[in-house]
Amino acid sequence: LLLAAQEHIRLGSSSKKNGNSKPDGFATIVNWICDHFYTFGLEMDQNKKELEQPHANIKYISSVLLLVNATSQAGKTLHEYIQVHYEVYHFW
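In my numbering, the protein residues as written are 1025 to 1116.
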(Lines of atoms letter the chains of each structure in order from A and count residues from 1; the text may use other names and numbers.)
(Lines give C-alpha, C1' and ligand atoms only; values in the text may rest on other atoms or scores of the structure.)
Protein backbone atom coordinates (compact mmCIF):
# COMPACT_ATOMS: atom_id res chain seq x y z
CA LEU A 1 0.00 0.00 0.00
CA LEU A 2 2.85 2.36 0.82
CA LEU A 3 4.50 1.64 -2.52
CA ALA A 4 1.23 2.32 -4.32
CA ALA A 5 0.87 5.65 -2.53
CA GLN A 6 4.50 6.75 -2.92
CA GLU A 7 3.87 8.91 -5.99
CA HIS A 8 1.02 10.69 -4.22
CA ILE A 9 3.29 11.26 -1.19
CA ARG A 10 6.18 12.40 -3.36
CA LEU A 11 4.22 14.76 -5.63
CA GLY A 12 1.09 15.64 -3.69
CA SER A 13 -2.48 15.43 -4.92
CA SER A 14 -1.95 17.91 -7.75
CA SER A 15 0.90 15.82 -9.18
CA LYS A 16 2.98 17.31 -11.99
CA LYS A 17 -0.07 18.06 -14.13
CA ASN A 18 -0.56 21.55 -12.72
CA GLY A 19 3.13 22.46 -12.75
CA ASN A 20 2.95 22.74 -9.00
CA SER A 21 6.32 22.88 -7.29
CA LYS A 22 5.23 21.40 -3.96
CA PRO A 23 8.08 20.01 -1.86
CA ASP A 24 8.63 16.26 -1.88
CA GLY A 25 6.27 14.69 0.66
CA PHE A 26 8.95 12.25 1.78
CA ALA A 27 11.28 15.15 2.58
CA THR A 28 8.51 16.69 4.69
CA ILE A 29 8.00 13.40 6.56
CA VAL A 30 11.75 12.95 7.15
CA ASN A 31 12.04 16.54 8.41
CA TRP A 32 9.16 15.94 10.82
CA ILE A 33 10.80 12.73 12.11
CA CYS A 34 14.15 14.49 12.57
CA ASP A 35 12.48 17.38 14.41
CA HIS A 36 10.67 14.88 16.63
CA PHE A 37 13.92 13.01 17.26
CA TYR A 38 15.70 16.26 18.20
CA THR A 39 12.88 17.28 20.56
CA PHE A 40 12.91 13.81 22.10
CA GLY A 41 16.69 14.08 22.65
CA LEU A 42 16.21 17.35 24.54
CA GLU A 43 13.50 15.79 26.70
CA MET A 44 15.71 12.76 27.36
CA ASP A 45 18.56 15.01 28.52
CA GLN A 46 16.21 16.71 30.98
CA ASN A 47 14.76 13.45 32.34
CA LYS A 48 17.44 10.77 32.63
CA LYS A 49 15.56 8.79 35.30
CA GLU A 50 13.77 6.40 32.94
CA LEU A 51 16.28 4.63 30.68
CA GLU A 52 14.10 1.86 29.23
CA GLN A 53 11.45 4.06 27.61
CA PRO A 54 13.83 6.53 25.92
CA HIS A 55 15.81 3.70 24.33
CA ALA A 56 12.59 2.12 23.07
CA ASN A 57 11.51 5.47 21.62
CA ILE A 58 14.87 5.93 19.88
CA LYS A 59 14.51 2.48 18.30
CA TYR A 60 10.93 3.31 17.27
CA ILE A 61 11.88 6.64 15.68
CA SER A 62 14.86 5.06 13.91
CA SER A 63 12.64 2.26 12.57
CA VAL A 64 10.09 4.76 11.26
CA LEU A 65 12.85 6.73 9.53
CA LEU A 66 14.20 3.56 7.91
CA LEU A 67 10.70 2.55 6.75
CA VAL A 68 10.06 5.96 5.20
CA ASN A 69 13.43 5.90 3.45
CA ALA A 70 12.92 2.33 2.18
CA THR A 71 9.45 3.18 0.88
CA SER A 72 10.76 6.28 -0.86
CA GLN A 73 13.66 4.46 -2.52
CA ALA A 74 11.59 1.41 -3.50
CA GLY A 75 8.82 3.64 -4.83
CA LYS A 76 11.27 5.67 -6.89
CA THR A 77 12.76 2.49 -8.37
CA LEU A 78 9.31 1.00 -9.03
CA HIS A 79 8.16 4.21 -10.73
CA GLU A 80 11.24 4.25 -12.99
CA TYR A 81 10.72 0.58 -13.88
CA ILE A 82 7.06 1.16 -14.76
CA GLN A 83 7.96 4.16 -16.92
CA VAL A 84 10.50 2.11 -18.90
CA HIS A 85 8.34 -1.01 -19.26
CA TYR A 86 4.93 0.61 -19.67
CA GLU A 87 2.88 -0.87 -22.49
CA VAL A 88 -0.75 -0.23 -23.26
CA TYR A 89 -2.76 -3.00 -24.86
CA HIS A 90 -5.99 -2.14 -26.67
CA PHE A 91 -8.46 -4.97 -27.11
CA TRP A 92 -11.17 -3.27 -29.12
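C-beta: ideal position from N, C-alpha, C; glycine also.
According to DSSP, is Asp1059 helix, strand or coil?
Walking along the sequence shown from the start, residue 1059 turns up at place 35. Helix, per DSSP.
On the criterion of 16 or more Cβ atoms from any shown chain inside 10 Å, does Gly1049 qualify as buried, or is it exposed?
Within the sequence shown, numbered from 1, the residue matching residue 1049 stands at position 25. Under this definition Gly1049 is a buried residue.
Going by other Cβ atoms of all chains shown within 10 Å of its Cβ, with 16 needed for buried, is Gly1099 buried or exposed?
As a first step, residue 1099 must be located in the sequence shown, where it is residue number 75. Classification of Gly1099: buried, given that the 10 Å Cβ count is 16 or more.
Please report the distance separating the alpha-carbon of Cys1058 from that of Leu1089.
In the sequence shown, residue 1058 corresponds to position 34, counting from 1. In the sequence shown, residue 1089 corresponds to position 65, counting from 1. If I take the Cα positions, the gap works out to 8 Å.
Close-in-space but distant-in-sequence residues of the same chain around Phe1061 (CB under 6 Å, 5 per side omitted):
Here residue 1061 is taken as the residue at index 37 of the sequence shown, counted from 1. Ile1085, listed in sequence order.
Local Cβ density within 10 Å of Ser1087, reported as buried at 16 or more and exposed below that
Locating residue 1087 in the sequence shown gives position 63, counting from the first residue. Counting Cβ neighbours within 10 Å, Ser1087 comes out exposed, since fewer than 16 surround it.
In whole angstroms, what is the alpha-carbon distance linking Thr1063 and Ile1106?
Translated into positions along the sequence shown, residue 1063 becomes position 39. Translated into positions along the sequence shown, residue 1106 becomes position 82. Straight through space, the alpha carbons of Ile1106 and Thr1063 are spaced by roughly 39 Å.
Report the rounded CA-to-CA distance for Pro1047 versus Leu1035, giving the unit in angstroms.
Here residue 1047 corresponds to residue number 23 of the sequence shown, with the count starting at 1. Here residue 1035 corresponds to residue number 11 of the sequence shown, with the count starting at 1. Across the structure, Pro1047 and Leu1035 are spaced so that their CA atoms are roughly 8 Å apart.
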